[in-house]
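Here the structure is laid out as structure tokens; the discussion comes afterwards.
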Amino acid sequence: MIFLSQAQIDALLLEDIQGGDLTTRALNIGHQHGYIEFFLRQGGCVSGISVACKMLTTLGLTIDDAVSDGSQANAGQRLIRAQGNAAALHQGWKAVQNVLEWSCGVSDYLAQMLALLRERYPDGNIACTRKAIPGTRLLASQAILAAGGLIHRAGCAETILLFANHRHFLHDNQDWSGAINQLRRHAPEKKIVVEADTPKEAIAALRAQPDVLQLDKFNPQQATEIAQIAPSLAPHCTLALTGGINLTTLKNYLDCGIRLFITSAPYYATPADIKVSLQPAASI
935 MIFLSQAQID
945 ALLLEDIQGG
955 DLTTRALNIG
965 HQHGYIEFFL
975 RQGGCVSGIS
985 VACKMLTTLG
995 LTIDDAVSDG
1005 SQANAGQRLI
1015 RAQGNAAALH
1025 QGWKAVQNVL
1035 EWSCGVSDYL
1045 AQMLALLRER
1055 YPDGNIACTR
1065 KAIPGTRLLA
1075 SQAILAAGGL
1085 IHRAGCAETI
1095 LLFANHRHFL
1105 HDNQDWSGAI
1115 NQLRRHAPEK
1125 KIVVEADTPK
1135 EAIAALRAQP
1145 DVLQLDKFNP
1155 QQATEIAQIA
1165 PSLAPHCTLA
1175 LTGGINLTTL
1185 KNYLDCGIRL
1195 FITSAPYYAT
1205 PADIKVSLQP
1215 AASI
């Protein structure tokens, strides 16, 4: 489970409600007891539920029921029902709706990608990068995990990933073996992941025996050729495809033999459509 601190939950609320809800205050209805319900209009893989519930309870509301993160919800299904005073209900309304819509959009997009991949490769995986929209990293991470995806890198201190921009600073930027051996010496407990930008670089990298080789922006034919060569050059190396991988392009790579894809596309998915209903207790 991705942990969001109380300060982070508060920040999500404070973006919208620091001054309270003027309309509720002007109508003098804040003291009334009522309910708030969140419904997913179109169905799909949901996330952001645990975060949304924490936001609501922070406002003093009581959660009556909620689905689980990662659930496959039907069109029109209720995701959360909470109760409390109308002032808190109206303060939580839009802030929570925004979190749910963005999170569910991310998780459902990735769930669709995974379903497509696993029709061809049941053991296939999709890892999502750290290129999330600024300020959304933790929300993005919980959405990715809810959908069944992997976190590619939570941060640049977590894993070794050798890019061309690192190699540019080496004495010999084509010395893949020297670079990989140095990385193994100085980070012996880490797998060595490297990225190649061309087929020529990919072959040179494979000869240096990395643990994982990322193929960046390779077309399907190039990816297939490397996948066929790789077992003879580096039998223990895992291949991954990255760069431009999304729900539309993924299908073009399903015959290349590579089972790991790296993407940031889900972060930019269309948000889900969440309907919110607020009612006084007497009407329910």
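Residue numbers (my numbering): 935 to 1218.
Positions of the beta carbon are idealized from the N, C-alpha and C atoms, including for glycine.
Check	Outcome
What whole-angstrom Cβ distance do ALA1088 and TRP1110 have, given they're in contact under 8 Å?	The pair is not a contact, with the Cβ atoms about 26 Å apart (cut-off 8 Å).
Use the C-beta contact count for ARG1193: other C-beta atoms within 10 angstroms, 16 or more gives buried, fewer gives exposed.	buried
Say whether the stretch 1194 to 1202 touches the stretch 1043 to 1054, bearing in mind that this needs 3 or more beta-carbon pairs closer than 8 Å, one atom from each stretch.	yes
Just verifying my parser: in three-state terms, what is the DSSP assignment at ASP998?	strand
With C-beta atoms as the reference, is GLY953 less than 8 Å away from ASN1019?	no
For the beta strand (DSSP E) that contains GLY1082, what are its first and last residues?	No beta strand (DSSP E) holds GLY1082; DSSP gives it neither H nor E.
Spatial neighbours of ARG1064 within its chain, please: C-beta separation below 6 Å, excluding the five flanking residues on both sides.	ARG1087
Taking the runs of the beta strand (DSSP E) that are 3 residues or longer, which of them lie wholly in the stretch 1089 to 1153?	1094 to 1096, 1126 to 1130 and 1146 to 1150
From this set, ASP1057, CYS1062 and LEU1073, which residue's C-alpha is nearest ALA986's C-alpha?	LEU1073
Just to confirm, is the Cβ distance from GLN1156 to GLU1129 under 8 Å?	no
When you compare the stretch 1025 to 1035 with the stretch 982 to 996, are there three or more beta-carbon pairs, one atom per stretch, that lie closer than 8 Å?	yes
Could you tell me the boundaries of the alpha helix (DSSP H) in which ASN1019 lies?	Run containing ASN1019: none in the alpha helix (DSSP H); it sits in the beta strand (DSSP E), 1011 to 1019.
Quick one: grab the DSSP three-state call for LEU1173.	strand
Does DSSP put LYS1209 in a helix, in a strand, or in coil?	strand
When you compare the stretch 938 to 958 with the stretch 1171 to 1191, are there three or more beta-carbon pairs, one atom per stretch, that lie closer than 8 Å?	no
So what does DSSP say about THR958, is it helix, strand or coil?	helix
Let me check one thing: in DSSP terms, what residues is ASN1059 bridge-paired to?	LEU1194
How far does the alpha helix (DSSP H) with LEU948 in it extend, from its first residue to its last?	940 to 951
Figure out for me which residue from LEU1095, PRO1214, LEU1096 and ASP1042 has the closest Cα to the Cα of ALA1081.	ASP1042
TYR969 to GLY1083, Cα distance in whole Å?	34 Å
Pick helix, strand or coil for ALA1066, following the three-state DSSP scheme.	coil
Looking only at its own chain, which residues have a Cβ that is under 6 Å from the Cβ of ALA1021, when we skip the five neighbours before and after it?	THR958 and GLY964
Can you name the start and end residues of the beta strand (DSSP E) that ILE936 belongs to?	No beta strand (DSSP E) holds ILE936; DSSP gives it neither H nor E.
Among the residues of its own chain, which have a CB less than 8 Å from the CB of GLN976, if the five just before and after it don't count?	ALA1009, ALA1206 and ASP1207
Compare the C-beta of ALA1199 against all C-beta atoms of chain C and say whether one is closer than 8 Å.	Note that chain C does not occur in the displayed structure, where there is just one protein chain.
Using three-state DSSP, classify ALA1007 as helix, strand or coil.	strand
With burial defined as no fewer than 16 other Cβ atoms inside 10 Å of the residue's Cβ, what is the status of THR1176: buried or exposed?	buried
The beta strand (DSSP E) spanning LEU974 covers which residue range?	967 to 974
When you compare only the Cα positions, how much space is there between PHE937 and ASP1003?	14 Å
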